[in-house]
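Protein chains in written order, with this note's numbering: chain G, 1 to 314; chain A, 1001 to 1314.
Backbone N, C-alpha and C fix where the C-beta goes; we use that ideal spot for every residue, glycine too.
Data first, discussion second: the structure below is written as structure tokens.
In structure tokens, the structure reads:
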């Protein structure tokens, strides 16, 4: 029995709730709604806010797609799934704020079924944070919220999924982390959990997005900044573009499979900049970012751990 | 007998001459010079100008690299070359102007030798123009200059190399051309031409860069513009980033082979922007660009050809 419609409906409800929460957060400025369909089975909705008071570019998208032939690249080591009918539902979002002190946020939750769930089904996704300036308080709060989420569903999830996130959000051509990570679970499916457990986790994750992000955005969004901070933000957004266009598997898949191009590239920032071999002045908050972004046990509760892990406070 | 040093020396001379010509063009503002080396055999020089009066970002780079094992991806259908020692010299440049009416220019010239030229050698390269606003006069002048260059060396070169350029500088995920093209020759080597003929053509091509670009930049660089034109330029620069990071084979090769990352990404613009599903107003010069960018016989001499090929004049 296929659960695709049930998941898609849950994702649409979360899309509505998250859109409303962000609209309220920025004082009522509304998101635009773009719906799209693609025959025979495919369609979605993109809620988008650009050049707003709080967000330069924020998008919250749902989609349901399917096909008659599951691609080999989707499971290279499982030939029994290749070329079988499949369907997928997803909820994705990206928040790029105006203020350089507010980190960018990204989340994706998805559900796949092959042969209507008979052959296989699985959930996947994650969420992560990309600051331009490092704040211990933000990193700890974000990771603690995600650890609590994970711990409600399984004792080992957070440690494994944090590591998966740190490994994935890395730019090999720069030798740089994208941000402070978060959680990422490529697969939680048939043979590992009951369907209801998987759906419960994904539902809880979607409900955790606003509690994880809003306090941080709220704390930083009125911080004073000038051209220096804005310039630094745009250079860091250049790295974000590099990651999404060069490294991100979802974007690569979308670009080569011919999906809705604007929905696929919704994750790109409003603006980005490049400057040859730019190095911020030694000791500046900008220069300290790369050290801050190294993977760290942000959810450890013990006092004093930061002194052991960070030589410079941001 | 290896010619690598001879070609590298010629490329360095052209780098000097082109740098001087651009410095003079923008009233004496100098380029910075960054030299780099990588053991055992590799190094280069990047001349860079950022935030100048005329250029937001312009770079002119030479490099010489080599290795003990020519990569399969460099010639998938020629196993006799795989894993043999090789060396390569290149001259690349990109000019992104401040003024939205001045097109971006890109050129690359390169020379490969496998087994010191015994197993194979070839030249490759090309140059192309990417305007934000279409002007027939600029497109005709650019292509006529390149046709004259090609015709000095072979009667069939221009037609073949223009087509190769139009095919290559295309964004499949957008269904869009990158610009108005130019010429591109992936290979001109052993068995096709004498070495001196190949070198003569590449030398002539390098000498044609300034005559091909400068009159166009000169004609447009003082055109008045406002926030609307600057915004459009940044959105178009977003497409330039997409092409270079997603489609360009040279960039992909560089990112995955671990070269000098700043030299590889020198081609990215100073700034780029993205906006969801942005459509310029119908009938505006911005809206007319996509029609202007379709491949056209810009070097045809017959009067009236544009009336047949363009329904709207830019």
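Local conformation of residue i per DSSP, three classes
i	result
residue 1215 of chain A	helix
residue 1103 of chain A	coil
residue 97 of chain G	strand
residue 1312 of chain A	Because residue 1312 of chain A carries a pLDDT of 44, less than 50, the predicted location of this residue cannot be relied on, and the following value inherits that uncertainty. If DSSP states are grouped into helix, strand and coil, residue 1312 of chain A belongs with coil.
residue 1143 of chain A	helix
residue 78 of chain G	coil
residue 1114 of chain A	strand
residue 189 of chain G	strand
residue 198 of chain G	helix
residue 1156 of chain A	coil
residue 1063 of chain A	strand
residue 176 of chain G	strand
residue 19 of chain G	helix
residue 1224 of chain A	coil
residue 130 of chain G	strand
residue 1184 of chain A	strand
Listed by chain order, chain G residues near residue i by CB distance under 7 Å
i	result
residue 1265 of chain A	274
residue 1255 of chain A	173 and 246
residue 1008 of chain A	Near residue 1008 of chain A there are no residues of chain G at all, since even the closest Cβ is about 22 Å away, more than 7 Å.
residue 1061 of chain A	Chain G residues near residue 1061 of chain A: none, gap ~10 Å exceeds 7 Å.
residue 1299 of chain A	Ordered by position in chain G, no residue passes the 7 Å Cβ test against residue 1299 of chain A, which lies about 32 Å from the chain.
residue 1021 of chain A	Those do not exist, as residue 1021 of chain A stays about 20 Å from chain G at its closest Cβ, beyond 7 Å.
Paired residues, beta bridge with residue i - DSSP
i	result
residue 49 of chain G	G/58
residue 109 of chain G	G/91 and G/125
residue 1035 of chain A	A/1045
residue 1167 of chain A	Paired residue(s): none; residue 1167 of chain A is not in a bridge.
residue 1120 of chain A	A/1114
Neighbouring residues, chain G, relative to residue i (Cβ below 8 Å)
i	result
residue 1153 of chain A	Under the 8 Å cutoff, chain G gives no residues; its nearest Cβ is about 34 Å from residue 1153 of chain A.
residue 1212 of chain A	Going along chain G, no residue has its Cβ under 8 Å from residue 1212 of chain A, so there is no contact; the nearest lies around 24 Å.
residue 1261 of chain A	173 and 174
residue 1058 of chain A	None at all; the shortest Cβ gap to chain G is about 10 Å.
residue 1089 of chain A	Per Cβ cutoff of 8 Å: no residues; residue 1089 of chain A is ~21 Å from chain G at best.
residue 1107 of chain A	Within 8 Å Cβ-Cβ: nothing; residue 1107 of chain A doesn't reach chain G, min ~18 Å.
residue 1159 of chain A	Within chain G, no residue comes near residue 1159 of chain A; the closest Cβ sits about 31 Å away, beyond 8 Å.
Proximal chain A residues relative to residue i, where beta-carbon distance stays under 8 Å
i	result
residue 233 of chain G	Those do not exist, as residue 233 of chain G stays about 12 Å from chain A at its closest Cβ, beyond 8 Å.
residue 48 of chain G	1276
residue 34 of chain G	1276 and 1277
Neighbour list for residue i in chain G, Cβ cutoff strictly below 9 Å
i	result
residue 971 of chain A	Lying outside 1001 to 1314, the shown extent of chain A, residue 971 of chain A is not represented and no answer is given.
Contact list for residue i against chain A, beta-carbon separation under 9 Å
i	result
residue 215 of chain G	Simply none; closest approach about 27 Å.
residue 118 of chain G	By Cβ distance, chain A contributes nothing, its closest Cβ being about 33 Å from residue 118 of chain G, past 9 Å.
Cβ distance (whole Å) where residue i is taken to contact residue j below 8 Å
i	j	result
residue 1207 of chain A	residue 1184 of chain A	Incorrect: roughly 18 Å between the Cβ atoms, too far for contact.
residue 104 of chain G	residue 94 of chain G	7 Å
residue 59 of chain G	residue 48 of chain G	5 Å
residue 1064 of chain A	residue 1008 of chain A	5 Å
residue 128 of chain G	residue 175 of chain G	Residue 128 of chain G to residue 175 of chain G, Cβ: 18 Å. No contact.
residue 1171 of chain A	residue 1243 of chain A	6 Å
residue 50 of chain G	residue 270 of chain G	6 Å
Cβ-heavy atom distance, residue i to the ligand NAD, below 7 Å
i	result
residue 1156 of chain A	Summarising the ligand content, the structure contains no ligands, and the ligand NAD is consequently not present.
Chain-ordered chain A contacts of residue i [CB-CB under 7 Å]
i	result
residue 268 of chain G	1274
residue 242 of chain G	1245
residue 287 of chain G	The premise fails here: residue 287 of chain G is roughly 17 Å from chain A at the closest Cβ pair, so nothing lies under 7 Å.
residue 205 of chain G	Those within 7 Å of residue 205 of chain G in chain A number zero; the least Cβ separation is about 25 Å.
residue 97 of chain G	Those within 7 Å of residue 97 of chain G in chain A number zero; the least Cβ separation is about 15 Å.
**Every unbroken alpha helix (DSSP H) inside the region 1230 to 1300 of chain A [4 residues or more]** = 1249 to 1257, 1261 to 1264 and 1285 to 1292
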